[in-house]
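>
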Amino acid sequence: MLGKLIKHDFTSLSRVLFPTQLAVLSATILATLGFAFNIRAGYSNLQTSGLFNLIRVITGFLSGIMVVAIIAASILVAFIIFQHFYKNLMCGEGYLTFTLPVTTSEILWSKLITAMIWTIISSVVIFICVNIFVLFGTAESGFLNTEAYREIGKMIHEVNVTIGARVAWPILEFALLVFIGTASSILQVYLALIIGGIVSQKHKILAAIGFYFVIQIAVSILSTIAQFFMGGSMVKTMESLTGGALDTQNGLEAYNILFGAVQPYFWFYLALTIVITAGFFILSHYFLKNKLNLE
Amino acid sequence: MAWEFSNERPIYVQVSDQIVSGILTGTFKMGEKLPSVREFAIIAAVNPNTVQRALSELESVGLIETQRNTGKYVTQEGSKIEMARKERGELLATEFLKSMAALGYTSEQTIHLLEEARSGEGSSDERSDT
Amino acid sequence: MSEAILECKGLSKCFGPNAALHDLSISLPAGKIIGLLGPNGSGKTTLIKLACGLLTPTEGEIRVCGYKPGIESKALVSYLPERTYLPDWMTVLECIEFFQDFYSDFDIDRATSMLQSLQVPANARMKTLSKGTKEKVQLVLVMSRHAKLYLLDEPIGGVDPAARDYILGTILKNYCEDSTVLISTHLIADVEKILDEFMFIQNGQLVSYASTDSLREDLGKSIDQYFREVFRC
Chain A
2 MLGKLIKHDF
12 TSLSRVLFPT
22 QLAVLSATIL
32 ATLGFAFNIR
42 AGYSNLQTSG
52 LFNLIRVITG
62 FLSGIMVVAI
72 IAASILVAFI
82 IFQHFYKNLM
92 CGEGYLTFTL
102 PVTTSEILWS
112 KLITAMIWTI
122 ISSVVIFICV
132 NIFVLFGTAE
142 SGFLNTEAYR
152 EIGKMIHEVN
162 VTIGARVAWP
172 ILEFALLVFI
182 GTASSILQVY
192 LALIIGGIVS
202 QKHKILAAIG
212 FYFVIQIAVS
222 ILSTIAQFFM
232 GGSMVKTMES
242 LTGGALDTQN
252 GLEAYNILFG
262 AVQPYFWFYL
272 ALTIVITAGF
282 FILSHYFLKN
292 KLNLE
Chain B
12 MAWEFSNERP
22 IYVQVSDQIV
32 SGILTGTFKM
42 GEKLPSVREF
52 AIIAAVNPNT
62 VQRALSELES
72 VGLIETQRNT
82 GKYVTQEGSK
92 IEMARKERGE
102 LLATEFLKSM
112 AALGYTSEQT
122 IHLLEEARSG
132 EGSSDERSDT
Chain C
-5 MSEAILECKG
5 LSKCFGPNAA
15 LHDLSISLPA
25 GKIIGLLGPN
35 GSGKTTLIKL
45 ACGLLTPTEG
55 EIRVCGYKPG
65 IESKALVSYL
75 PERTYLPDWM
85 TVLECIEFFQ
95 DFYSDFDIDR
105 ATSMLQSLQV
115 PANARMKTLS
125 KGTKEKVQLV
135 LVMSRHAKLY
145 LLDEPIGGVD
155 PAARDYILGT
165 ILKNYCEDST
175 VLISTHLIAD
185 VEKILDEFMF
195 IQNGQLVSYA
205 STDSLREDLG
215 KSIDQYFREV
225 FRC
């Protein structure tokens, strides 16, 4: 049943979000063409007639469109995800969702998983768009801007030489943090929507916004207390390192020291985020199952 | 179209009365197959259990018989139908006399009115010519 | 011994200080069409929501075919709420497919033929349909399931007489000896002919539970008349 829920949630989201991603891609292509035109026009010795300048202004404007489109699309993705949650669980559709032969857990998991999938899709699309723009739009000569990528390639090569495959670890750790952090953010909004909807029948959204901040404060307090028990802060530890053991020409050694120092903080922070995320999920489940009264 | 029912008597009684009327007026002919319980329920717009009870009542007085695997049929025995007709007629007559008595008529006056009404069937045709 | 389709033992539901239902005990058998009757605010909808698993009891218990409200009971219960609850953006066909996906007892042929006879276009989006048509679509979907317990909350409130006949006819056509239909309504006179039994609820408590026939035989009253007596303002 979870698979079916995911399928339907995903279809419901994609219906609106897929066109937005197409729009972002289109805006990117337009912006890329515009920017490329602008660059070449700037380098050429063409006449600066009035019409020509107008075209340059327009194409320059188009480049800005891409940035706006990306920002707008990101906001829209978040908005649609949360709107779908709200409409599907806290409004009339709730009568349908909560009488399906599925558990409350499955409903929540489906909402979380489809939100994560779309967040990832959206990020990938933005990444592709930026790359399209850089690759095709910013070339000063020729067709492709391979220079930027060559520079990146050189950097990667250097890292590989000094640190080697070990660099996979911080990358993985960072990815894990981002992943769990995204889930945490999503669940925080979900929980706020749930509590807001339960507490105030007439002003669900306002109450939800209020509770979002309440949760935010509660989580901050908890984190601070937890950090206190962890002893010291990461920044201080880092500061104590400079000028000491870190003063070495050997890149690999420096990396190892830094990485080692960061580790306990990483694991602590990861564990804390996981606990908070799980807490959000458990609370959401409890409120949905026991306290929700659809009108 | 749904059948009409009054509020005071059990519906199953009214349903069986309606079916008997149907048999007496020839809507349901002798030996004819009756609609199923479910079909009756939909036609009359009443609960199937109610129809079931009505049909059972009629079966117990012999107006309806069930043939296994094929359904329910109006009885072939003309005598049973005639008995039902007589019963119904007697009931209507008694009730009519009671209603007229409540209006203040004696039995003799009631019968006299009936005879006038019967011959009036002829004279009212004459009057309508003018 | 056949199991009761719906059974409540000492069932209570409180919202803060208000007891919407108080100490309700009842056992509903299979194969009946039962009226859940009472004035507004008497607790009818609360009882239905508890049976659906949309609310959790404060005290006591409620069971559907022996199951506490959960995923087994939800597979056996077909619920028609008072309001529209299908997603606006879905087409009629998508709604049918949705029901078919989640409910193994969904009869797609019955649903499509009923919607065809109502002349509802399969590709129409729910939001383009009139309120009356939306309600009919929801009724069709709910009644196209072969459920054990049908919970209909005010199915004929706010519809014209022809639609009313259609809805009652659909309920009758759907009748099955293994299942029970619980109809919550205050339009008693319209519904009375199809009820086997009825429950009166007032202030969250069960006031009466009897069969339509016995009421008429013993008291010579229809449910409608009896209701007016019991709930006289």
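Protein chains in written order, with the working numbering: chain A, 2 to 296; chain B, 12 to 141; chain C, -5 to 227.
Don't be surprised by glycine CBs; every beta carbon is placed ideally from N, CA and C.
All of these numbers come straight from a predicted model, not from anything done at the bench.
1) Closer than 8 Å by C-beta to Ser106/A: which residues in its own chain qualify, once you throw out the five before and the five after it? Chain order, please.
2) Do you know how far the Cα of Gly138/A is from the Cα of Ser123/A?
3) At 8 Å on the CB atoms, spell out the chain B contacts of Asp101/C, in chain order.
4) Give the secondary structure of Tyr84/B by DSSP, where H, G and I count as helix, E and B as strand, and everything else as coil.
5) Assign Ser21/C to buried or exposed, taking buried as 16 or more other Cβ atoms, counted over all protein chains shown, within 10 Å of its Cβ.
6) Would you say Gly138/A reaches chain C, if we count a Cβ-Cβ gap shorter than 8 Å as a contact?
7) Please look up how many angstroms separate the CB atoms of Ser216/C and Glu191/C, rounded, as I've assumed it's under 8 Å.
8) Whose C-beta lies closer than 8 Å to the C-beta of Lys43/C among residues of the same chain, with five residues either side of it excluded?
9) I need the straight-line Cα distance from Gly151/C to Thr164/C, nearest angstrom please.
10) Measuring alpha carbon to alpha carbon, tell me which of Ile206/A, Ile81/A, Ile40/A and Leu77/A ends up nearest Leu194/A.
11) By Cβ distance below 8 Å, which residues in the same chain neighbour Ala95/B in space, the five residues on each side in sequence not counted?
12) Classify Met137/C as buried or exposed, calling it buried when 16 or more other Cβ atoms lie within 10 Å of its own Cβ.
13) Specify, as a first and last residue, the run of the beta strand (DSSP E) that Ile56/C falls within.
14) I'd like to know whether the C-beta of Phe51/B is nearer than 8 Å to at least one C-beta of chain C.
15) Provide the residue span of the alpha helix (DSSP H) that contains Tyr23/B, from first to last.
16) Give the straight-line distance between the Cα atoms of Ala169/A and Glu159/A, rounded to the nearest whole angstrom.
17) Considering only C-alpha positions, which residue in the set Val135/A, Ile164/A, Thr163/A and Ala166/A is nearest to Glu152/A?
18) Look at the alpha carbon of Pro46/B and the alpha carbon of Gly82/B, and state the distance between them as a whole number of angstroms.
19) Could you list the residues in the stretch 201 to 227 of chain C with a C-beta less than 8 Å from some C-beta on chain B, going in chain order?
20) Determine the chain C residues that contact Pro59/B at a beta-carbon separation under 8 Å, and present them in chain order.
21) Please confirm whether Glu43/B has its beta-carbon closer than 8 Å to some beta-carbon of chain C.
22) Classify Lys215/C as helix, strand or coil using the three-state DSSP reduction.
23) Could you give the uninterrupted runs of the beta strand (DSSP E) lying entirely in the stretch 129 to 160 of chain C, keeping only those of 3 residues or more?
24) What residue from Glu88/C, Ala141/C and Val153/C has the CA that sits closest to Met120/C's CA?
25) Would you list the residues sitting across from Ile65/C in a DSSP beta bridge?
26) Report back the beta-carbon spacing between Pro63/C and Phe225/C to the nearest angstrom; my notes put them in contact at under 8 Å.
27) Which residues, in order along the stretch 76 to 109 of chain A, keep a beta-carbon less than 7 Å from a beta-carbon of chain C?
So, from the data block:
1) Along the first sequence, one-based indexing puts residue 106/A at 105. For Ser106/A, where only same-chain residues beyond five positions count, the Cβ hits under 8 Å are His286.
2) Residue numbering aside, residue 123/A sits at position 122 when the first sequence is read from its first letter. Residue numbering aside, residue 138/A sits at position 137 when the first sequence is read from its first letter. The straight-line gap from Cα to Cα measures roughly 21 Å.
3) Taking the first residue of the third sequence as 1, we reach residue 101/C at position 107. Neighbours of Asp101/C in chain B, taken as residues at a C-beta separation under 8 Å, are lacking, since the least C-beta distance is about 16 Å.
4) Mapped onto the second sequence, residue 84/B falls at position 73. If DSSP states are grouped into helix, strand and coil, Tyr84/B belongs with the strands.
5) One-based indexing of the third sequence puts residue 21/C at position 27. Burial call: exposed.
6) The sequence position of residue 138/A within the first sequence is 137, counting from 1. No, because no Cβ of chain C sits closer than 8 Å to the Cβ of Gly138/A.
7) Working through the third sequence from its first residue, we reach residue 216/C at position 222. Working through the third sequence from its first residue, we reach residue 191/C at position 197. That belief does not hold up - the Cβ atoms of Ser216/C and Glu191/C are roughly 14 Å apart, past 8 Å.
8) Taking the third sequence and counting its residues from 1, the one referred to as residue 43/C is at position 49. Once the five neighbours on either side are set aside, the close Cβ partners of Lys43/C are Leu49.
9) As a working note, residue 151/C is residue 157 in the third sequence. As a working note, residue 164/C is residue 170 in the third sequence. The alpha-carbon atoms of Gly151/C and Thr164/C are separated by roughly 16 Å.
10) Counting from one through the first sequence, the residue named residue 194/A turns up at place 193. Selected option, being the one with the closest Cα: Ile206/A.
11) Here residue 95/B refers to the residue found at position 84 of the second sequence. Closer than 8 Å at Cβ, skipping near neighbours: Val31, Ile34, Leu35, Val72 and Leu74.
12) Numbered from its first residue, the third sequence carries residue 137/C at position 143. Buried is the call here.
13) On the third sequence, residue 56/C is found 62 positions in, with the first residue counted as 1. Start and end: Glu53 to Val58.
14) Numbered from 1 along the second sequence, position 40 holds the residue referred to as residue 51/B. By this cut-off, Phe51/B is not an interface position.
15) The residue you call residue 23/B lines up with position 12 of the second sequence. Ile22 to Thr36 is the span of the alpha helix (DSSP H), which, as asked, contains Tyr23/B.
16) Residue mapping note: residue 169/A aligns to position 168 of the first sequence, counting from 1. Residue mapping note: residue 159/A aligns to position 158 of the first sequence, counting from 1. Distance between the alpha carbons of Ala169/A and Glu159/A is about 14 Å.
17) Locating residue 152/A in the first sequence gives position 151, counting from the first residue. Minimum Cα distance to Glu152/A is reached at Val135/A.
18) Position 35 of the second sequence, counted from the start, is the residue given in the question as residue 46/B. Position 71 of the second sequence, counted from the start, is the residue given in the question as residue 82/B. Those two C-alpha atoms are separated by around 8 Å.
19) Thr206, Asp207, Arg210, Glu211, Gly214, Lys215, Ser216, Asp218 and Gln219
20) Numbered from its first residue, the second sequence carries residue 59/B at position 48. Chain C residues near Pro59/B: Leu166 and Tyr169.
21) Taking the first residue of the second sequence as position 1, residue 43/B is located at position 32. Output row for Glu43/B: interface = no.
22) For the purposes of this step, residue 215/C is identified with residue 221 of the third sequence, where counting begins at 1. Of the three classes helix, strand and coil, the one that applies to Lys215/C here is coil, per DSSP.
23) 143 to 147
24) Reading the third sequence from its first residue, position 126 is the one you call residue 120/C. Per the Cα distances, Glu88/C.
25) Taking the first residue of the third sequence as 1, we reach residue 65/C at position 71. DSSP, once it has assigned bridges, lists no residue as partnering Ile65/C.
26) In the third sequence, residue 63/C corresponds to position 69, counting from 1. In the third sequence, residue 225/C corresponds to position 231, counting from 1. Contact flag wrong, Cβ pair sits at about 29 Å.
27) Gly93, Glu94, Tyr96, Leu97, Phe99, Thr100, Leu101, Pro102, Val103 and Thr104
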